Amino acid sequence: AHESPAHQHPVHQHGAEPWRAPKFYAYATPRTVLARAIAVMREAKLPFARVAGLDELGSGVPDGQVTSVVDGRAHLPAKLAALRAHRTQIVVAPEEAGPFFALSNNLGQQAFGTEHYILQAGELGPLGPGRRERDLFAGLAGPDA
Numbered sequence: 001a002h003e004s005p006a007h008q009h010p011v012h013q014h015g016a017e018p019w020r021a022p023k024f025y026a027y028a029t030p031r032t033v034l035a036r037a038i039a040v041m042r043e044a045k046l047p048f049a050r051v052a053g054l055d056e057l058g059s060g061v062p063d064g065q066v067t068s069v070v071d072g073r074a075h076l077p078a079k080l081a082a083l084r085a086h087r088t089q090i091v092v093a094p095e096e097a098g099p100f101f102a103l104s105n106n107l108g109q110q111a112f113g114t115e116h117y118i119l120q121a122g123e124l125g126p127l128g129p130g131r132r133e134r135d136l137f138a139g140l141a142g143p144d145a
């Protein structure tokens, strides 16, 4: 067997501290938001299958678990355009029908402009309305820190 000289050993053999993300979030949709979306889709004229109610989905989190909310409504048109660019994988409803789409299961979903998260690790930034963090990057040191 060939042995390499000591100066060629990988850095991980020197016991460096592993890097940890200062914050880690899980995407979450509150149950009240899903219930509202189901009600809106029930009335909309969409070419997608729909669920009868929230219990049929088996998803969504209790509202109180959400720690952070990002208002991205100004970017919803770009989000829908990005979804439309994947037409072999996603069907997006016509603009006049609203912000709805379906994956290969043809089950209608609403594209949300407001995103919800649960902080899994790290410290929350300043709290805004509803006692929820509004800026996921708040409290993080920049590259020059």
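Quick note on numbering: the sequence shown equals residues 1 to 145 in the numbering used here.
Backbone N, C-alpha and C fix where the C-beta goes; we use that ideal spot for every residue, glycine too.
For clarity, every value in this text was computed on a predicted model and none was experimentally measured.
Quick one: grab the DSSP three-state call for residue 38. helix
My output table needs one value for residue 146: the three-state DSSP class, helix, strand or coil. The requested residue 146 is not part of the displayed model; the chain covers only 1 to 145.
Between which two residues does the beta strand (DSSP E) holding residue 71 run? 68-71
To the nearest whole angstrom, what separates the beta carbons of residue 100 and residue 110, a pair I think is in contact under 8 Å? 6 Å
Cβ-based burial, residue 133 [other Cβ within 10 Å; buried from 16]: buried
Where the beta strand (DSSP E) through residue 115 begins and ends: 114-121
In or out: residue 75 buried (at least 16 other Cβ within 10 Å) or exposed? exposed
Endpoints, beta strand (DSSP E) assigned at residue 26: 24-27
For the structure I just gave you, are there three or more beta carbon pairs, one from the segment 27-44 and one from the segment 60-75, closer than 8 Å? yes
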